[in-house]
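S.K.:
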Amino acid sequence: MAAILGKKLGMTQVFREDGTVVPVTVIAAGPCKVTAVRERERDGYAAVQLAFDEVEERKLSKAELGHLKKAGAPPLRHLVEFRDEDLGAEEGPKVGDDVTVAAFEQGQRVKVSGISIGKGFQGGIKRHNFSRGPVSHGSHNVRAPGSIGASAFPGRVFKGQRMPGQMGNKRSTQRGLEVAEVDAERNLLLLKGSVPGSRNAVIEVRSDG
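Residue numbering for the sequence shown follows my numbering, starting at 7 and increasing by one per position.
1) For Gly-215, which residues from the same chain have a beta carbon less than 7 Å from its beta carbon, with the 5 sequence-adjacent residues on both sides left out?
2) Return the Cβ separation of Ser-213 and Ala-8 in integer angstroms, given the expectation that the two are a contact with Cβ distance under 8 Å.
3) Could you tell me which uninterrupted beta strand (DSSP E) segments, each at least 3 residues in length, are contained entirely in the segment 17 to 91, listed from first to last along the chain?
4) Please list the terminal residues of the continuous alpha helix (DSSP H) segment that includes Arg-217.
5) Apart from the five residues on each side of it in sequence, which residues of its chain come closer than 8 Å, Cβ to Cβ, to Thr-26?
6) Compute the Euclidean distance between the alpha carbons of Pro-99 and Val-54, then round it to the nearest angstrom.
7) Need the endpoints of the beta strand (DSSP E) that Arg-168 sits in, please.
8) Compute the Euclidean distance between the alpha carbons of Tyr-51 and Phe-88, then round it to the nearest angstrom.
9) Taking the beta carbon of Val-32 as the centre, do at least 16 other beta carbons fall within 10 Å, making it buried, or is it exposed?
10) Given a cut-off of 9 Å, decide if Leu-15 and Val-211 are closer than it, judged by their beta-carbon atoms.
11) Would you mind working out which of Leu-82, Glu-47, Asn-147 and His-143 sits nearest Thr-41, comparing C-alpha positions?
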């Protein structure tokens with residue numbers, strides 16, 4: 007399984023040889039340093055930990071700096087573990103290795119995870135695609151949520167009721183995205199379509215399937 011951390015730069019478009027226009031999201035992916043390898047016999051699960059986004063030493067704790075120094079890595083802000091049965095194999099990545107966009111190829115299917123754009127407190131119509139009420143004859147429930155429970159029994163509102171509240175700003179995964187182009191020289195990954203997260207957000211890219 008190929009995996010890498012990156013930063014979303016924005017969207018643009020590329021032209022293919024047949025003249026079709028493809029909307030793509032540009033991701034500055036890697037290079038990421040392998041800072042730990044989890045083994046099933048020792049740790050109970052197989053995974054590889056990647057570090058990304060270099061920062062000043064003063065922005066990290068001594069424990070974080072010591073962990074990175076042990077792997078021969080500079081001060082890096084983000085640490086993420088990618089679990090997979092094949093990652094802990096002998097031929098897998100080792101501590102201190104660099105992971106680049108060369109691990110991906112054009113046409114490959116990937117899944118991208120990130121923190122979705124926060125939209126603040128929203129009503130049921132925007133948040134859950136509810137329909138509005140009537141707007142004629144003095145109606146007052148145009149955008150109101152309406153009834154949310156029974157009266158005598160059970161005498162309360164069930165948990166999980168779809169209601170107004172915070173929208174976005176939570177982890178989201180987009181699956182089945184196609185790698186439109188790989189620019190190994192500039193560490194850029196171009197994915198067809200849009201991906202979760204705002205501009206400059208840190209995202210995870212993994213092979214899908």
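Ideal Cβ positions, reconstructed from N, Cα and C, are used throughout, including at glycine. No experiment lies behind these values; they were computed from the predicted model shown.
M.R.: Short version:
1) Arg-115
2) 5 Å
3) 27 to 35, 38 to 44, 53 to 60 and 82 to 89
4) Since the first residue of the chain shown is 7 and the last is 215, residue 217 is not available in this structure.
5) none
6) 8 Å
7) That residue, Arg-168, is in no beta strand (DSSP E); it is neither H nor E in DSSP.
8) 11 Å
9) buried
10) no
11) Leu-82
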